[in-house]
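Asker:
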Amino acid sequence: MGNAFLQLGAMAAIRRAKPDSIAYFLNGNNIDMPVRFRTTVFKKLGLNVFGDDLSRVHTNRLNVADYASPDYVVLSGSWLCDKYIKDFGDALRTFQKNGSKLIFCGVSGFDYDKNEINVARKLLTELKPYALISRDSTTFLNYADLFEKSYEGIDVGFFIDDYYRIMPPMKSGYNVYCFDKIAIPSELKVNDKTVIAHHSLEGVRQDSFRYPRTLWSELPDDYLAVYSHALEMHSDRVHACLPVLIFGGKAQMYCDTPRANLFKEVGCEGINKHLVSLNEKITKEKKEKQAIFLSELLK
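Going by this note's numbering, the first residue of the sequence shown is number -11, and it counts up by one from there.
What follows is the structure, given as C-alpha cells:
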C-alpha cells in the first residue's frame, strides 16, 4: 500500500510541475508473489514453488517497456535497491533504447549497504540516466554524479495531499496502529479510540482481526480517508507514518531502517524514538522547489 501512496504522490508532483502533461501509471508484474500465496497457487498448478518454475515466471513476464515508449519514465521509491535494479534493468534499458528519458524521482535504496550501492552504481554507469531527485541526502551523495542532472529532494509521498482532499465529515480523535512486521508493542493499548491497519497481511505477527475497527483494503483512498483524520500513527512502516504526518497528525516508527532518513528532510528527526510532527514550512518550501526542478526536467 505504501507503494500506492508513492505512485499517487509522484503523479501529483508531475501534475503540479507540468499541469498540461499527460501521464500514465505503468508497472510490470510483481517481482515476487507473497510466499504463502505463491505456494497455494503453484501447488494447484502442479508447479515447483522455488525452482525452475518460479524462474520461468520471472523470465516470461510481460515487459511493459516493449509496449510503450513515453517521452519520460518517472520512477519513485526504492528503485536503487539491488533487487529492483536486477529485475527491472532490462526494462530500463529498453525504455532508454526507445528514446525515453529516465527520471528517478524521490528515490533511494533499501538497505544502503556496499553491495546494493555497487550494484546500483554499475547499472547507472551503464545507463547514464537523465535525472535524479533523491529522497534523502545519503542517496544524493551516493549517486548524484551518475546522472545528467541531480537534485537533493524529498520523497514524492509528501505530495499525497496534492492528490487527496480530506473527506468531510469523518470521525476523528483516534490513533492508528499499523504493524505488519512486528506485533503491536505492549506499551500501546488498544481501546475504543484505536484503529488497527495493515498494508499487507504477509508476515503479520498477530491476529489483529480480533479487534474491532481493523482496516485492510486494496484501495489507497480507504487508508487516506482514515489516516487524514488520525491524531497519531504508530507503525513499523515508513509509508504508514508519512501520510498521517502530511495531513497534520503525529507519527512514531518502531523499527530501524535507513529508508526512514527521508523524514529528516522535512524536520522529523527522532521519529524512531518518539512522536514527531511535520515541519510544515520546510515541507512546503521543499515541495515548491522540487516541483520547479521537475518542471524544468519535463520541458
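Here a beta-carbon is modelled for each residue, glycine too, at the ideal position from N, C-alpha and C. Keep in mind that this is a model prediction, so the values were computed, not measured.
Please determine, among Val264, Lys261, Gly255 and Ser283, the residue with the shortest C-alpha to C-alpha distance to Ile270.
Answerer: Nearest option by C-alpha distance: Gly255.
Asker: Can you name, in chain order, every residue of its own chain whose Cβ lies under 6 Å from the Cβ of Ala239, other than the five neighbours on each side?
Answerer: Once the five neighbours on either side are set aside, the close Cβ partners of Ala239 are Met221, Cys229, Val232 and Leu233.
Asker: What three-state label does DSSP hand Ala11 in the structure shown?
Answerer: It is coil, neither helix nor strand.
Asker: Runs of 4 residues minimum, wholly inside the stretch 56 to 122: which ones carry the alpha helix (DSSP H) assignment?
Answerer: For the stretch 56 to 122, whole alpha helix (DSSP H) runs of length 4 or above, ordered along the chain, are 70 to 85 and 102 to 115.
Asker: Quick one: Cα of Ser138 to Cα of Leu(-6), how far?
Answerer: Those two C-alpha atoms are separated by around 20 Å.
Asker: Measure the C-alpha to C-alpha separation of Ile280 and Leu14 and round it to an integer number of angstroms.
Answerer: Distance between the alpha carbons of Ile280 and Leu14: 24 Å.
Asker: Have a look at Ala79 and Gly34 and give me their C-alpha separation to the nearest angstrom.
Answerer: Rounded to whole angstroms, Ala79 to Gly34 spans 30 Å at the Cα level.
Asker: Closer than 6 Å by C-beta to Ile73: which residues in its own chain qualify, once you throw out the five before and the five after it? Chain order, please.
Answerer: Same-chain partners within the cutoff: Val107, Ala108 and Leu111.
Asker: Compare the beta carbon distance of Ser66 and Phe98 with 8 Å and say whether it is the shorter of the two.
Answerer: Cβ atoms of Ser66 and Phe98: closer than 8 Å.
Asker: Answer yes or no: do Gly(-10) and His187 have a C-beta to C-beta separation smaller than 8 Å?
Answerer: Yes. Within cutoff.
Asker: Which residue or residues does DSSP assign as beta-bridge partners of His222?
Answerer: Bridge partners of His222: Tyr165 and Gln240.
Asker: For Ser216 and Phe235, which I take to be in contact (beta-carbon distance under 8 Å), what is that distance rounded to the nearest angstrom?
Answerer: Yes, they are in contact, since the Cβ atoms of Ser216 and Phe235 sit about 4 Å apart, within 8 Å.
Asker: Nearest-angstrom Cα distance between Glu273 and Val226?
Answerer: Roughly 22 Å between the two C-alpha positions.
Asker: Using the Cα positions of Ile10 and Phe251, report the straight-line distance between them to the nearest angstrom.
Answerer: Computed Cα separation, rounded: 30 Å.
Asker: Lys269 by DSSP, collapsed to three states: which one?
Answerer: It is helical.
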